[in-house]
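2 protein chains.
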Amino acid sequence: MEPVTDETAQPATDTGTFGKVLAVLDLVLSADTPLRFKDVLQLAGQPRGTLHRQLTHLVSEGLLVVGADGSYTPGLRLLRLAHRSWSQNSFRTVAAPHLLRLHAATGETVHLGVLSGSDIVYVDKVEGQQTVRMGSQVGKTSPVYCTGIGKAAIALLPEAELERLLSTIRFVRHTPATLADAAALRAEIATVRQSGIAFDREEHEEGIRCVAAPIRAGGKEPVAAISVTGPAYRISVDQLDRWSEVVSGCAADIARDWRLCLGPGR
Amino acid sequence: MEPVTDETAQPATDTGTFGKVLAVLDLVLSADTPLRFKDVLQLAGQPRGTLHRQLTHLVSEGLLVVGADGSYTPGLRLLRLAHRSWSQNSFRTVAAPHLLRLHAATGETVHLGVLSGSDIVYVDKVEGQQTVRMGSQVGKTSPVYCTGIGKAAIALLPEAELERLLSTIRFVRHTPATLADAAALRAEIATVRQSGIAFDREEHEEGIRCVAAPIRAGGKEPVAAISVTGPAYRISVDQLDRWSEVVSGCAADIARDWRLCLGPGR
DNA sequence: AAACATGTTCCAATAAATGGAATAGTGTTT
DNA sequence: AAACACTATTCCATTTATTGGAACATGTTT
Numbered sequence: 001m002e003p004v005t006d007e008t009a010q011p012a013t014d015t016g017t018f019g020k021v022l023a024v025l026d027l028v029l030s031a032d033t034p035l036r037f038k039d040v041l042q043l044a045g046q047p048r049g050t051l052h053r054q055l056t057h058l059v060s061e062g063l064l065v066v067g068a069d070g071s072y073t074p075g076l077r078l079l080r081l082a083h084r085s086w087s088q089n090s091f092r093t094v095a096a097p098h099l100l101r102l103h104a105a106t107g108e109t110v111h112l113g114v115l116s117g118s119d120i121v122y123v124d125k126v127e128g129q130q131t132v133r134m135g136s137q138v139g140k141t142s143p144v145y146c147t148g149i150g151k152a153a154i155a156l157l158p159e160a161e162l163e164r165l166l167s168t169i170r171f172v173r174h175t176p177a178t179l180a181d182a183a184a185l186r187a188e189i190a191t192v193r194q195s196g197i198a199f200d201r202e203e204h205e206e207g208i209r210c211v212a213a214p215i216r217a218g219g220k221e222p223v224a225a226i227s228v229t230g231p232a233y234r235i236s237v238d239q240l241d242r243w244s245e246v247v248s249g250c251a252a253d254i255a256r257d258w259r260l261c262l263g264p265g266r
Numbered sequence: 267m268e269p270v271t272d273e274t275a276q277p278a279t280d281t282g283t284f285g286k287v288l289a290v291l292d293l294v295l296s297a298d299t300p301l302r303f304k305d306v307l308q309l310a311g312q313p314r315g316t317l318h319r320q321l322t323h324l325v326s327e328g329l330l331v332v333g334a335d336g337s338y339t340p341g342l343r344l345l346r347l348a349h350r351s352w353s354q355n356s357f358r359t360v361a362a363p364h365l366l367r368l369h370a371a372t373g374e375t376v377h378l379g380v381l382s383g384s385d386i387v388y389v390d391k392v393e394g395q396q397t398v399r400m401g402s403q404v405g406k407t408s409p410v411y412c413t414g415i416g417k418a419a420i421a422l423l424p425e426a427e428l429e430r431l432l433s434t435i436r437f438v439r440h441t442p443a444t445l446a447d448a449a450a451l452r453a454e455i456a457t458v459r460q461s462g463i464a465f466d467r468e469e470h471e472e473g474i475r476c477v478a479a480p481i482r483a484g485g486k487e488p489v490a491a492i493s494v495t496g497p498a499y500r501i502s503v504d505q506l507d508r509w510s511e512v513v514s515g516c517a518a519d520i521a522r523d524w525r526l527c528l529g530p531g532r
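Here the protein sequences come in this chain order: G and Y. Counting from 1, position 209 in the first sequence corresponds to residue 209 in our numbering; the numbering is continuous, with no gaps. Counting from 1, position 164 in the second sequence corresponds to residue 430 in our numbering; the numbering is continuous, with no gaps.
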């Protein structure tokens, strides 16, 4: 007989001492200003001795660096780890050529995003030649409810999972067009499921529009989507409509290649 | 009284159980093919029970994902962590505009690299418009002895540290031009120190040349360098020479801004 | 120089990791 | 289809690292 555990108690997953140290790392990285020991102490709610050792370990592993003023900043180890994580990601590898094609077809910025928890993580990006800022977005997370990729991706989820996710979202109004609550998002998702296309009509950032399409990857493995994004002054709403075919076609191509990659038997 | 500890015993740093789990993560990420449990078991040299729990922790923390076939692949958590690490890196932030300028001046790929242990980690990159492959290189590591950035960076080290680093290098011949041993590298470093410029004359990859300059950041904090890289068919050795002024000028600019960033009092 | 804030070290109590072995699960061969 | 080999997972007494309160440094302000 199943012990009736609380379904929402996901953070209760015990990852031992490792998880605790990782939480400290997360905390330091999340801060938007370098923290000193006392700051971390306050935020972490951990005894001095314990925290001190944890930070020491993080530093000697190269995940954090402690500056001359005692402030903790991210170390290079993370970049190294992430590079391998990124370059080996087979889903990204499969999608990459298609992203390039989509970029060539539209001339605008193309994103590949994957659902992780309640957020979208940008896994890859192809940018226009004017903006020469490297992999800036890769690894960045955005909320699902106000991005094209987000809405496209969660439209793939089975009803139960979608509802569970909806209940965890804290809706923040970023622009006048931002969807305000779960009901609005639920309605939008219904449309996305029908049309196979999601839009972002300046819902996340004023002056930014995008078209997105879910990637039906068969197995539930990666819940993902792609998008074409551009400035509102250049991209009309009509233009988005005209691109929707290309975008969903591209998403279909990625899905096809991905299934091939998993092996023909599966 | 200083306890006479073995200077070379760096890996002996005890990072407790955290370090052990991290080592497992490193191992899985380093493999060039997805590993299953038995593979990791073999490589990690750790008892079954222990390893199993470690992998379980890594998975529930999202650092690894276990596929349907039981193979372990990198999770998205790493990307998220690394993004914050990268976007907040103040040294990179300071350097970025200068990298863009250098790219504009030369039209070729520009790199920013930082010394980490015995390797160079690429921290940022500005690429030519033709190659639209996103942040591919960021986080990648290269050996110091066969890259312009590597040679430029270690030229900044004090003699003792340089020698210590030299002794750890395993020289692998990548091309006919690769420096073959510590003596050759030592000689080259002497030149770099005098001229303030390092070259890579197809020493790492055939058909690839580069000019690099060390960033004299004052405090020993980041041992770093920048470079301009291009294909040999387009970039003559003379061209590299002609760029050396611009490159070292750019490195000086970054160093200046970095010192300003640390605060005028320091 | 005293009071204070911050960072580091110490060590008995405690909780977690360890690792050998038994068990369960998977797919392959006869 | 049964036996087999291989792999993954669970179990639990032992060992070890973590815990956390408090004492000790260190540097800064009043």
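Ideal placement from N, C-alpha and C gives every residue a C-beta, glycine not left out.
Only exposed fits Thr168(G), as fewer than 16 other CB atoms lie within 10 angstroms of its CB. Scanning the stretch 399 to 441 of chain Y from its first residue to its last, the whole beta strand (DSSP E) runs of 3-plus residues come out as 407 to 409. Secondary structure of Thr15(G) (DSSP, three-state): coil. With the criterion set as a beta carbon lying under 9 Å from some beta carbon of chain G, the members of the stretch 345 to 363 of chain Y are Leu345, Arg346, Leu347, Ala348, His349, Arg350, Ser351, Trp352, Ser353, Gln354, Asn355, Ser356 and Ala362, in sequence order.
DSSP places Ile226(G) outside any alpha helix (DSSP H); the residue lies instead in the beta strand (DSSP E), whose first and last residues are Ala224 to Pro231. With a beta-carbon spacing of about 6 Å, Pro143(G) and Asp119(G) fall inside the 8 Å limit used to define contacts. Counting C-beta pairs closer than 8 Å gives fewer than three between the stretch 334 to 343 of chain Y and the stretch 454 to 468 of chain Y, which falls short of the contact rule.
Here Gln460(Y) is exposed, its C-beta having fewer than 16 other C-beta atoms within 10 Å. When DSSP reads this structure, His377(Y) sits in a beta bridge with Lys391(Y) and Ser493(Y). By a beta-carbon distance limit of 8 Å, Val404(Y) contacts Trp352(Y). Their separation comes to about 7 Å.
Our two residues, Gly473(Y) and Ala31(G), have alpha carbons roughly 43 Å apart in a direct line.
For the pair of segments examined, the stretch 88 to 101 of chain G was found not to touch the stretch 360 to 379 of chain Y: the number of CB pairs separated by less than 8 Å stays below three.
Bounds of the alpha helix (DSSP H) holding Arg459(Y) are Ala448 to Ser461. Boundaries of the beta strand (DSSP E) harbouring Arg201(G): Ala198 to Arg201, taken from the DSSP string.
DSSP places Ser116(G) in the strand class (E or B) of the three-state scheme.
Contact note: Gly282(Y) reaches chain G through His57, using a C-beta cutoff of 7 Å and chain order. DSSP places Ala217(G) in the coil class of the three-state scheme, outside both helix and strand. In the structure shown, the three-state DSSP call for Pro74(G) is strand.
Of the other Cβ atoms in all chains shown, fewer than 16 fall within 10 Å of the Cβ of Glu163(G); this residue is therefore exposed. Assignment of beta-bridge partners to Ile208(G) by DSSP yields Pro231(G). Look at Leu35(G) here: in three-state DSSP terms it is strand. The beta carbon of Ile481(Y) lies closer than 7 Å to those of Ala490, Ala491, Ile492, Ala517, Ile520 and Ala521 in the same chain, with the five residues before and after it left out. Pairing Leu445(Y) with Tyr499(Y) gives a Cβ-Cβ distance that is not under 8 Å. For Ser60(G), the nearest CB of chain Y lies under 8 Å from its own CB, placing it at the interface with that chain.
Trp258(G) has its alpha-carbon roughly 9 Å from the corresponding atom of Ser90(G). For Leu179(G), the secondary structure class from DSSP, reduced to helix, strand or coil, is coil.
One finds His57, Ser60 and Glu61 in chain G with Cβ atoms closer than 9 Å to the Cβ of Gly285(Y), taken in chain order.
At a beta-carbon threshold of 9 Å, none of the residues of chain Y lie near Val24(G); the nearest stands roughly 10 Å away.
From the beta-carbon of Thr279(Y), the residues of chain G found nearer than 7 Å are Ser60. DSSP places Leu329(Y) outside both helix and strand once states are collapsed to three, so it counts as coil. Across the structure, Thr106(G) and Val228(G) are spaced so that their CA atoms are roughly 8 Å apart. Assigned with DSSP and collapsed to three states, Ala334(Y) falls in coil, not helix or strand. Assigned with DSSP and collapsed to three states, Ser502(Y) falls in coil, not helix or strand. Here the alpha carbon of Ser514(Y) sits roughly 24 Å from the alpha carbon of Gly383(Y).
For a cut-off of 8 Å, the C-beta gap from Leu293(Y) to Leu317(Y) is around 10 Å, too long to register as a contact. In this structure, the straight-line span from the alpha carbon of Ala361(Y) to that of Pro231(G) is close to 27 Å.
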